[in-house]
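Encoded as structure tokens, the structure appears first; notes follow it.
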Amino acid sequence: MKSAASRHVDAAKPADAMSSQKSTRRRVAASALVWALLLTAPYWLPLTGGYTDLGSRVLVFSLAALGLNLLLGFTGGLSFGHAAYFGLGAYGTGLMLKFVTHSTPLALLAGVALGGLGATLFGPVTVRRRGIYFAMITIAIGQMFYFVAVRWNSLTGGEDGLTGFERTNIHFGHAILNLHNSTIFYYFTLFFFAIGCAVVWSVLRSPLGHTFVAIRENQKRLRFLGVSVGFYLWIAFAISGFIAALAGALYALLNNFTSPEDLNWVLSGDFVIICVLGGMRTFWGPLVGSVIYVVVQDYLSSITVNWMSFIGAIFVLAVLFFPWGLLGFFQRRIQK
Amino acid sequence: MSLLSLKNVSRHFGAVTALSGISLEVPQGELRALIGPNGAGKTTLFNLITGFFRPSEGEVRFSGHSVKDVSPEKLVQRGIIRTFQITEIFLDLTVYQNLEIAVETAKGLNLRPWLSRRRRREVRDSIDELMDTLRLGRLSNHLAGELAHGDQRLVEMAIALSHEPKLLLLDEPTAGMGDEETQRMTELIRHLHNQRGITILFIEHDMAIIFDVADRITVLDNGRLLAEGTPAEIAANADVQAAYLGGVK
Ligand SMILES: Nc1ncnc2c1ncn2[C@@H]1O[C@H](COP(=O)(O)OP(=O)(O)OP(=O)(O)O)[C@@H](O)[C@H]1O
Ligand SMILES: [Mg+2]
Numbered sequence: 128m129k130s131a132a133s134r135h136v137d138a139a140k141p142a143d144a145m146s147s148q149k150s151t152r153r154r155v156a157a158s159a160l161v162w163a164l165l166l167t168a169p170y171w172l173p174l175t176g177g178y179t180d181l182g183s184r185v186l187v188f189s190l191a192a193l194g195l196n197l198l199l200g201f202t203g204g205l206s207f208g209h210a211a212y213f214g215l216g217a218y219g220t221g222l223m224l225k226f227v228t229h230s231t232p233l234a235l236l237a238g239v240a241l242g243g244l245g246a247t248l249f250g251p252v253t254v255r256r257r258g259i260y261f262a263m264i265t266i267a268i269g270q271m272f273y274f275v276a277v278r279w280n281s282l283t284g285g286e287d288g289l290t291g292f293e294r295t296n297i298h299f300g301h302a303i304l305n306l307h308n309s310t311i312f313y314y315f316t317l318f319f320f321a322i323g324c325a326v327v328w329s330v331l332r333s334p335l336g337h338t339f340v341a342i343r344e345n346q347k348r349l350r351f352l353g354v355s356v357g358f359y360l361w362i363a364f365a366i367s368g369f370i371a372a373l374a375g376a377l378y379a380l381l382n383n384f385t386s387p388e389d390l391n392w393v394l395s396g397d398f399v400i401i402c403v404l405g406g407m408r409t410f411w412g413p414l415v416g417s418v419i420y421v422v423v424q425d426y427l428s429s430i431t432v433n434w435m436s437f438i439g440a441i442f443v444l445a446v447l448f449f450p451w452g453l454l455g456f457f458q459r460r461i462q463k
Numbered sequence: 066m067s068l069l070s071l072k073n074v075s076r077h078f079g080a081v082t083a084l085s086g087i088s089l090e091v092p093q094g095e096l097r098a099l100i101g102p103n104g105a106g107k108t109t110l111f112n113l114i115t116g117f118f119r120p121s122e123g124e125v126r127f128s129g130h131s132v133k134d135v136s137p138e139k140l141v142q143r144g145i146i147r148t149f150q151i152t153e154i155f156l157d158l159t160v161y162q163n164l165e166i167a168v169e170t171a172k173g174l175n176l177r178p179w180l181s182r183r184r185r186r187e188v189r190d191s192i193d194e195l196m197d198t199l200r201l202g203r204l205s206n207h208l209a210g211e212l213a214h215g216d217q218r219l220v221e222m223a224i225a226l227s228h229e230p231k232l233l234l235l236d237e238p239t240a241g242m243g244d245e246e247t248q249r250m251t252e253l254i255r256h257l258h259n260q261r262g263i264t265i266l267f268i269e270h271d272m273a274i275i276f277d278v279a280d281r282i283t284v285l286d287n288g289r290l291l292a293e294g295t296p297a298e299i300a301a302n303a304d305v306q307a308a309y310l311g312g313v314k
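Chains as they are written, first to last, in my numbering: chain A, 128 to 463; chain B, 66 to 314.
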């Protein structure tokens, strides 16, 4: 009886194959639009009153949120400590440039390694807990790094932050990549952003990504299919940490500066807000979220020091009216 | 040698004794029904066999090896697969995606960040085969959460079968199903038993099904093993009649 009724409802839906083909085409079109906008940003940004470094900032925050979202949105692990790996990436890069080498690529590599390995190392401690305890441990670990950065004055510059380093140009034989130029640095950042996107994109389409999503959906079922959930949570944590570290490393290069704020749980919370604002279940949600976040911050921080409360208000409104995030909201509207 | 063997197994939850002194042998290839009134301890027995809970006393052995301190994940890899009284599937994913995860897991591919074309085809073929066996093809692109209850149970069956179980534990597979669906599920269970030789232990309340398909029946009542035997023996057993059959029907 029940199933006969449901079949009746099914018949009213559009043919599945057709609708899935359509949604694939739509997704490809959306991605093409995103890349077209990103590739031309230095040219149209000034027309909107923006500037190139603002674009680079959006990319950096998007990349960090994209990494976090692999864990948060797709694996279902609520991390409130991702700034730790972002910040380690930033400090790793800054310290390397200041004390060891003038090579920007090496410094970038050092930052990614430091932050990524940090996440890999502290992942196992975290993934033994679930739900709110998971979140609390991620905060605790993040704050630990924060206090080290504040206290270890001689190395990190303490609360004033790390200064005295600068990104350098990259030499390819006779050719020079002039990273001092904002536009070129934007494309440099975009290149790494694209790598981050490619990694997350291909993981999501693979058995590894399917396993992550299954963890989010039903851990009990997955355990009773023989999957060690904790182990795969750890992998998700590590990958997402490496991507956050890459973002942090780029952030240090963008600003030629890093401070304990880049490690703080406030920033971790901002990353979560960005994901939720944009849409945690969507691929481009973190990008949409960070556009909103960075633009609002840039605009409002020149007007009021309390800009964070505006972000907070937007966040509350979004959660109330767009529980699936902005992008998730539109996706659902279109699919209906 | 029995595939599954329980020796004097008990399980307490605080003051509640869910199971006490259960000894049970299920030989390879048998289709065994587990019956008993609500709260008899049937699901608890499944939880002990699958490593979800530990026995308070006694021992569970599978294929001659003790399952003591073996994790549920490891027991799955040894061939014990279960379904749940309350369906456990991936509700926000499509039927296809549900089976995809199950098949990729069964093939041990979880760690792969990419798949070769050949592997991808293998996965797709296995999914199609499961869809055929369970007749789920028409629902492939539907969200599992939007399916009728009976179809969700079929999805869970398909997930369980992806792993080619040695011992299949089914917790009330036909609960809440319509007549037609119940019949399909019954046929499926019989098919898995006859054609594939899978050892099955299933909890069921529908006496017609039990007497129809089961080789042997184990009756639990109030945490104790009340009786065991062929359907004919159980039907004739006075204790069972008093405690269970008479009480319910
Ligand atoms: N995790 C638990 N904690 C405490 N008590 C439990 C737990 N699991 C089961 N019990 C108790 O053990 C007894 C047996 O429960 P069980 O679920 O095994 O019964 P059942 O035979 O499966 O019943 P039903 O037909 O209703 O599914 C019940 O009294 C139940 O309350
Ligand atoms: Mg039960």
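Glycine is no exception: its CB is placed at the ideal position from the N, C-alpha and C atoms.
From a predicted model like this one, the values you see are computed outputs, not experimental measurements.
- With the criterion set as a beta carbon lying under 8 Å from some beta carbon of chain B, the members of the stretch 342–366 of chain A are Glu344, Asn345, Lys347, Arg348, Leu349, Arg350, Phe351, Leu352, Gly353, Val354, Ser355, Tyr359 and Ile362, in sequence order.
- Under the Cβ criterion (8 Å, minimum of three pairs), the stretch 231–246 of chain A counts as touching the stretch 207–221 of chain A.
- Sorted by position in the chain, Phe78(B), Ala83(B), Asn103(B), Gly104(B), Ala105(B), Gly106(B), Lys107(B), Thr108(B) and Thr109(B) make up the residues whose C-beta lies under 5 Å from a heavy atom of ligand 1.
- The residue among Tyr420(A), Val254(A) and Pro413(A) with its C-alpha nearest the C-alpha of Ala371(A) is Pro413(A).
- Annotated three-state conformation of Lys139(B) is helix, per DSSP.
- Closer than 7 Å to some heavy atom of ligand 2: that does not describe the Cβ of Asp271(B).
- For the stretch 153–169 of chain B, residues whose beta-carbon sits nearer than 8 Å to a beta-carbon of chain A comprise Glu153, Ile154, Phe155, Leu156, Asp157, Leu158, Gln162, Glu165, Ile166, Ala167 and Glu169.
- When 7 Å is used as the limit between beta carbons, Leu335(A) is near these residues of chain B: Asn175, Leu176, Arg177 and Pro178, in chain order.
- Here Ser191(B) is not near Ser136(B), since their CB atoms are 8 Å or more apart.
- Around the C-beta of Tyr426(A), fewer than 16 other C-beta atoms lie within 10 Å, and the residue is accordingly described as exposed.
- The beta carbon of Met250(B) is closer than 6 Å to those of Pro238 and Thr239 in its chain, skipping five residues each way along the sequence.
- Within the stretch 175–247 of chain A, the runs of alpha helix (DSSP H) that reach at least 4 residues and sit entirely inside it are, in chain order, 179–196 and 210–222.
- Counting C-beta atoms within 10 angstroms of its own C-beta, Asn163(B) has 16 or more neighbours from the protein chains shown and is therefore classed as buried.
- Taking non-hydrogen atoms of ligand 2 into account, the C-beta of Gln306(B) is found less than 7 Å away from none of them.
- Note that the C-beta distance between Asp236(B) and Gln150(B) is below 8 Å.
- A straight-line Cα-Cα distance of about 14 Å links His130(B) and Pro92(B).
- By the Cβ test, the stretch 260–274 of chain A is not in contact with the stretch 319–329 of chain A, since fewer than three Cβ pairs between them sit closer than 8 Å.
- Every beta strand (DSSP E) of 3 residues or more that sits fully in the stretch 244–278 of chain B is shown, in chain order, as 264–268.
- Under the rule that a run must span 3 or more residues, the beta strand (DSSP E) segments found entirely inside the stretch 143–184 of chain B read 145–147.
- Its chain contains Gly215 as the residues whose beta carbon lies nearer than 8 Å to that of Gly243(B), once the 5 sequence neighbours on both sides are disregarded; these appear in chain order.
- Nearest in C-alpha terms to Tyr178(A), of all of Phe437(A), Leu454(A), Phe449(A) and Val422(A), is Val422(A).
- Interface flag for Thr247(B) against chain A is unset, since no Cβ pair is found closer than 8 Å.
- Ranked by Cα distance from Tyr161(B), the options Arg147(B), Gly173(B), Phe127(B) and Gly202(B) are led by Gly202(B).
- In terms of beta-carbon proximity, His228(B) lines the interface with chain A, with at least one pair separated by less than 8 Å.
- A direct Cα-Cα distance of roughly 42 Å separates Val275(A) from Phe118(B).
- Comparing C-alpha distances from Thr202(A) to each of Thr151(A), Ala341(A) and Ile461(A) shows the shortest one belongs to Ala341(A).
- Sorting Thr159(B), Arg218(B), Val132(B) and Gly116(B) by C-alpha distance to the C-alpha of Glu153(B) places Arg218(B) at the top.
- If you draw a straight line from the Cα of Pro120(B) to the Cα of Lys231(B), it comes to about 22 Å.
- In the three-state reduction of the DSSP assignment, Ile303(A) falls in the strand class.
- Per DSSP, the unbroken alpha helix (DSSP H) holding Asp397(A) starts and ends at Trp392 to Gly405.
- For Asp236(B), the enclosing beta strand (DSSP E) has its first and last residue at Leu232 to Asp236.
- Remark: three or more beta-carbon pairs, one from each stretch, lie closer than 8 Å, so the stretch 264–283 of chain B and the stretch 292–311 of chain B are flagged as touching.
- Taking the CA atoms as reference points, Gly238(A) sits about 60 Å from Gly288(B).
- Judged by pairs of C-beta atoms under 8 Å, the stretch 168–177 of chain B does not touch the stretch 384–391 of chain A, as fewer than three such pairs exist.
- Annotation for Val91(B): the continuous beta strand (DSSP E) segment containing it runs Val81 to Pro92.
- Listed along the chain, the chain B residues whose CB falls inside 9 Å of the CB of Val330(A) are Pro178 and Trp179.
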